[in-house]
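Here is the structure we will look at, set down as structure tokens.
In the UniProt record's numbering, the protein residues as written are 1 to 201.
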């Protein structure tokens, strides 16, 4: 049963930390991020909803110098330095084999059969829901006091081959994680007015 307390809005400071003053960082303070804290972020993010509880996102936390050296040449030139300086870079992928887990994750229906032989539905479901999980990951990191720098701009096939061998997991996007350097933040760009992107009907 949902407790009434869960319907209380977050206070202004929490909304600032998650959205209003949170920013995308391009540079990082030399402060380490522990494996335990990264695990906490992932464990918090996995609680967000996904279709049929599919949980298709797969994470590779790039931390070692060896792993960074493998990733760096696969990044666009503009993303390379900031990723090398980040305490951790998270490759967020999606598992096209996610239906194999549905008997355990969605036990009250035969959801696995809904995807049998339907590669298009598998790809669409995995990509859409791993994108959701990537957004949850960013918010979970912010909620736990970390800063993030999500990125496109990489050789997708190269990253897949280097970090998701086997072909079942594919890269969606990449996020740098750590304690951001305020000097690395660009001025916030404009946002659309409500009437430009939404309607209430």
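Glycine included, each C-beta is placed from N, C-alpha and C at the ideal position.
Return helix, strand or coil for residue i, following the three-state DSSP convention.
{"i": "residue 92", "result": "strand"}
{"i": "residue 25", "result": "coil"}
{"i": "residue 185", "result": "coil"}
{"i": "residue 68", "result": "helix"}
{"i": "residue 164", "result": "coil"}
{"i": "residue 234", "result": "Residue 234 falls outside the range modelled here, since the chain spans only 1 to 201, and no answer is possible."}
{"i": "residue 179", "result": "coil"}
{"i": "residue 169", "result": "strand"}
Can you say whether residue i is buried or exposed, counting buried as having 16 or more other CB atoms within 10 angstroms of its CB?
{"i": "residue 83", "result": "buried"}
{"i": "residue 153", "result": "exposed"}
{"i": "residue 146", "result": "buried"}
{"i": "residue 176", "result": "buried"}
{"i": "residue 137", "result": "buried"}
{"i": "residue 223", "result": "For residue 223 there is no data in the structure shown, the boundaries of the chain being 1 and 201."}
{"i": "residue 49", "result": "exposed"}
{"i": "residue 140", "result": "buried"}
{"i": "residue 78", "result": "exposed"}
Thinking just about the alpha-carbon of each residue, which of the options is nearest to the one in residue i?
{"i": "residue 91", "options": "107, 67 and 81", "result": "67"}
{"i": "residue 36", "options": "25, 61, 6 and 56", "result": "61"}
{"i": "residue 171", "options": "142, 143, 25 and 123", "result": "123"}
{"i": "residue 33", "options": "86, 72, 56 and 79", "result": "86"}
Tell me whether the beta-carbon of residue i lies closer than 8 Å to the beta-carbon of residue j.
{"i": "residue 173", "j": "residue 134", "result": "yes"}
{"i": "residue 58", "j": "residue 93", "result": "yes"}
{"i": "residue 51", "j": "residue 129", "result": "yes"}
{"i": "residue 168", "j": "residue 96", "result": "yes"}
{"i": "residue 54", "j": "residue 10", "result": "no"}
Subject >> Stretch-stretch touch, CB-based, cutoff 8 Å, three pairs: the region 113–120 with the region 12–23 >> reply: Too few Cβ pairs lie closer than 8 Å, so no.
Original post:
At a cut of 8 Å, does the region 31–49 reach the region 151–166 through at least three beta carbon pairs?
Top reply: Under the 8 Å Cβ criterion, the region 31–49 does not count as touching the region 151–166, having fewer than three qualifying pairs.
Original post:
Using 8 Å as the threshold, is the region 23–42 in touch with the region 181–190, meaning 3 or more CB pairs across them?
Top reply: yes
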